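Asks: Residue numbers (our numbering): 1 to 710.
Structure incoming, see below.
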Amino acid sequence: MTVQVPYPASEYRPLSFQRPFHLRKGGSSMSDGNKAPSVSNLLSKYSTKEEFERLNWTGTFQEYLELARENPHVTRTAYQRLYDMIASWGSEEVTKLNKTYTRYKFFDDPIGNGKDAVFGLDDSLENLVNVLKSAALGFGTERRIILLHGPVGSAKSTVVRLLKKGLEAYSRTDEGALYTYEWRVDGTADEWQESPMREEPLKLIPESIRQSFIDDLFEGIDSNYPITTHGELNPACRHTYKLLLEDYGGDWTQILSHIRVKRLLLSEKDRVGIGTFQPKDEKNQDSTELTGDINYRKIAVYGSDSDPRAFNFDGEFNVANRGLIEFVEILKLDVAFLYDLLGATQEHKIKPKKFAQTDIDEVIIGHTNEPEFKRLQSNELMEAFRDRTVKIDIPYLTVLDNEINIYAKDYEKKGNKFIAPHTLEIAAMWAVLTRLEEPQSHQLSLMQKLKLYNGKSLPGFTSDNVRELKETATREGMEGISPRYIQDKISNAIVSHPKIPTVNPFMVMNELEEGLKHHSLIASEEERKRFQQLLSVVKEEYEDIIKNEVQKAISADEDSIARLCANYVDNVKAYTQREKVKNPYTGKEEEPDERLMRSIEEKIDIPESRKDDFRREIMNYIGALAIEGKQFKYWTNERLQKALELKLFEDQKDTIKLKNLISSVIDKDTQEKIDIVRARLIKNYGYDEISATDVLNYVASIYARGDIKS
Ligand SMILES: Nc1ncnc2c1ncn2[C@@H]1O[C@H](COP(=O)(O)OP(=O)(O)OP(=O)(O)O)[C@@H](O)[C@H]1O
Ligand SMILES: [Mg+2]
């Protein structure tokens, strides 16, 4: 079976935030010449007639049986359909810290072009999909409430929104098609009456014979799931059915002449197959919102309030039949609702006012924050509820790169402000730091822990160690600063300096700090202090990052490095072979330049006592290359390259007089050198003019403060 999806996955590309701004594509180009289609061609190309016909199929019951026999998947339950929908987008195995996960591409939001993409949460999402899968197979989780649990702003609503959108789109594909039926009881009337709960047409077959009918119908036909259709018709259809059955002397097949089957398109906006229930204050909410209400106008028509035709099956459970119902803040619900919820979950039945229990087929997902969940745990009355939930933790992210992705998605392409390099990274870094537990070992700083989690290697830490770190920090990701707070502050930083076309990390850090004073979710003064202190940790890290970049931009002159390298190697060669070096200017033979060699080696912490080993190592390396007929290039030896870059930086730092950059008088020569460095920052590191100048000035001020730790 080929999977038909509304937007081919191949056309969807995940966002990449690393691409420097100036490399990003602008709007559409008009370079196609004059190939614009005629307006009438355009109209017919975009005509929705065919699609409309495909999506609005109607047919007789018999035609439906034939259609179902060809595509048994039209008979799937809500859980089966939801699981298949997710799987239809494909998945891949990913290994992180020696553990393998299945990553479902659906959560990259291919339908919305990545707008609601969820980053990181691979293990949580795998859990969720596994629960849906076992529900699809009838292993029991279909009788549970799926409870997404996590701190505020951890993407719980985003995950549910994705599922809803996914179902809507799936129901419009051939693969995800589903059907319901309509009645026309009075032969002359033109109007077809839809099944108020949009039930599966196979439910029209009397329950007593339904399964054997289905078994006969689908005999020898392959299906991913056993085909069954549970439950009775809703009270209104049952009523009509009974009346007709009497008319036809008990022959149900004759009733089918009053039936038309039609395709069902799920749509939250149209209140078809997707429902949302949100707690409001108790006075304004009663259980009719969930299970439907009496239609007082129709009582006059039908004479009784217990005539099901005088009932509106428009409660959220009714509406969501065949699809999915979301309970926002489920644990803030009044207890009265929870009883309805329990029945709906355990028995797949709801109890509308004055009517017998009514069968439903829908996925029930709720979400909740931690405080409410804790309350639930200590409440004995809620035991029944607890017992019927599958809890899935949706924590904050603790991997920096994933967190950056959240903000890159939001801000990379918005407005005409230039976002300076590292701005989003710094904000994300702080957010992640607030969520991490202090490492037990004093050997490890919180920032180092963050880097380990982000996939960086540190001497003495294997992937297993890192996993252990993660596993022992059980509360990690359940506390700290939410992405929503960061999003708000980045937005503030963007709008609050209208005259400056660039947003830089300092502006964002200031906003983050300012906001802490009034942050309503910070529990204690102590916590506020800790968050503030983490801001200085982040600032320090930022200084390191830009010092490093400026340093690299200054020493990015490959010719100079190559010359320095040649000079060093000549000296080392002479030293190890106890020879002399020829001075290129005077032509005289001289002793190897010990000062030069040491000034390079010290940059990578080679002590005096180890210098002979290091020099021999370099010579052996060069010799081995020579045997293979290869020439030595400095960048093939990482340590040597670093040493050379640092040395060159030190030499040039003084010629450029970085320190003097902040003074107002700069000679022409220095200015030229600075311009070259600035140009390199722009070209190699994605800066714009303003942010490159800012960074140079800032690094200069660091050096002016006498901080010459490199
Ligand atoms: N892992 C993540 N991947 C992508 N976006 C995320 C992630 N975590 C949080 N966000 C973003 O953070 C914001 C808040 O997410 P959302 O509203 O889904 O959170 P929530 O868990 O429902 O919060 P609440 O508990 O307050 O209702 C959204 O903009 C969302 O895109
Ligand atoms: Mg939410």
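Don't be surprised by glycine CBs; every beta carbon is placed ideally from N, CA and C.
Everything numeric in this text was worked out from a predicted model, so none of it was measured.
Consider the C-beta atom of H73 and the heavy atoms of ligand 2; say whether any pair is separated by less than 7 Å.
Replies: No, the Cβ of H73 stays beyond 7 Å of every heavy atom of ligand 2.
Asks: On the DSSP bridge assignment, give the partners of L148 in chain order.
Replies: Per DSSP, H367 and I392.
Asks: Roughly how many angstroms separate the alpha carbons of L97 and H348, rounded to a whole number?
Replies: Going from the Cα of L97 to the Cα of H348 covers about 40 Å.
Asks: Roughly how many angstroms lie between the CA atoms of L128 and Q80, to the nearest whole one?
Replies: In a straight line, the C-alpha of L128 is about 14 Å away from that of Q80.
Asks: Output the boundary residues of the alpha helix (DSSP H) element that contains L97.
Replies: No alpha helix (DSSP H) holds L97; DSSP gives it neither H nor E.
Asks: What would DSSP say about K456, mapped onto helix, strand or coil?
Replies: Reduced to three states, the DSSP call for K456 is coil.
Asks: For R103, verify whether its CB is less than 7 Å away from any heavy atom of ligand 1.
Replies: For ligand 1, not one heavy atom lies less than 7 Å from the Cβ of R103.
Asks: Cβ of H149 within 7 Å of any heavy atom in ligand 2?
Replies: False, no ligand heavy atom lies under 7 Å from that Cβ.
Asks: In the structure shown, what three-state DSSP assignment does Q193 receive?
Replies: Here Q193 sits in strand by DSSP.
Asks: By the three-class DSSP mapping on this structure, what secondary structure does V185 have?
Replies: In this structure, V185 counts as coil in the three-state DSSP scheme.
Asks: Can you tell me where the beta strand (DSSP E) holding I259 begins and where it ends?
Replies: Residues I259 to L264.
Asks: May I ask you to check if the CB of K164 is nearer than 7 Å to at least one heavy atom of ligand 2?
Replies: K164 Cβ: outside cutoff for every heavy atom of ligand 2.
Asks: Only counting the same chain, and skipping five residues up and downstream in sequence, which positions put a Cβ closer than 8 Å to that of H239?
Replies: Excluding residues within five positions, the ones whose Cβ falls inside 8 Å are D307, P308 and R309.
Asks: Measuring only the C-alpha atoms, how far is V581 from F531?
Replies: If you take the alpha carbons of V581 and F531, they lie about 58 Å apart.
Asks: Using the C-alpha atoms, what's the distance from P201 back to L233?
Replies: For L233 and P201, the distance between alpha carbons rounds to 10 Å.
Asks: Could you tell me whether any Cβ in chain C is nearer than 8 Å to the Cβ of D464?
Replies: Reference to chain C is not applicable here, since this structure consists of a single protein chain.
Asks: I need the boundaries of the beta strand (DSSP E) containing L233, first residue and last residue.
Replies: L233 -> no beta strand (DSSP E), and no H or E assigned at all.
Asks: How long is the line joining the alpha carbons of G112 and I676, rounded to whole angstroms?
Replies: Spanning the two alpha carbons is a distance of roughly 43 Å.
Asks: Would you report the Cα separation of I330 and N369, rounded to the nearest angstrom?
Replies: Taking the straight line from one Cα to the other gives about 9 Å.
Asks: Taking buried to mean at least 16 other C-beta atoms within 10 Å of its own C-beta, is G623 buried or exposed?
Replies: Exposed, because fewer than 16 other Cβ atoms sit within 10 Å of the Cβ of G623.
Asks: Would N318 and E199 qualify as a contact pair, given that the criterion is a beta-carbon distance under 8 Å?
Replies: Cβ distance not < 8 Å, so N318 and E199 don't count as in contact.
Asks: With DSSP as the reference, label I708 as helix, strand or coil.
Replies: With a pLDDT of 45 at I708, under the threshold of 50, the modelled position of this residue cannot be trusted; read the value that follows with caution. Three-state DSSP puts I708 in coil, outside helix and strand.
Asks: Tell whether a beta-carbon distance below 8 Å holds between K539 and M509.
Replies: Yes, they are a contact pair.
Asks: Check whether the Cβ of F119 lies closer than 7 Å to any heavy atom of ligand 3, and answer yes or no.
Replies: With respect to ligand 3, the structure offers nothing, as its ligand set consists of ligand 1 and ligand 2.
Asks: G249 to F213, Cα distance in whole Å?
Replies: Approximately 20 Å between the Cα atoms of the pair.
Asks: Which ranges would you report for the beta strand (DSSP E) in the segment 608 to 661 if only whole runs of at least 3 residues count?
Replies: The qualifying runs do not exist here; there are none.
Asks: Helix, strand or coil for E672, going by three-state DSSP, please let me know.
Replies: Of the three classes helix, strand and coil, the one that applies to E672 here is helix, per DSSP.
Asks: Give me the DSSP bridge partner(s) of S91.
Replies: Paired residue(s): Y104.
Asks: Between the Cα of A574 and those of R563, A562, E438 and E591, spot the shortest distance and give me the residue it belongs to.
Replies: The candidate whose alpha carbon is nearest that of A574 is E591.
Asks: What does the alpha-carbon distance come out to for the pair Y621 and F418?
Replies: Rounded to whole angstroms, Y621 to F418 spans 46 Å at the Cα level.
Asks: Look up T141 in the DSSP assignment and say whether it is helix, strand or coil.
Replies: Here T141 sits in helix by DSSP.
Asks: Helix, strand or coil for V399 per DSSP?
Replies: Of the three classes helix, strand and coil, the one that applies to V399 here is coil, per DSSP.
Asks: Mapping DSSP to helix, strand and coil, what is Y83?
Replies: If DSSP states are grouped into helix, strand and coil, Y83 belongs with the helices.
Asks: So if I measure from each beta-carbon to every heavy atom of ligand 2 and keep distances below 6 Å, which residues remain?
Replies: Having a Cβ closer than 6 Å to some heavy atom of ligand 2 are K156 and S157.
Asks: According to DSSP, is G480 part of a helix, a strand, or is it coil?
Replies: DSSP places G480 in coil when its eight states are reduced to three.
Asks: Distance, Cα to Cα, H73 vs S223?
Replies: Rounded to whole angstroms, H73 to S223 spans 7 Å at the Cα level.
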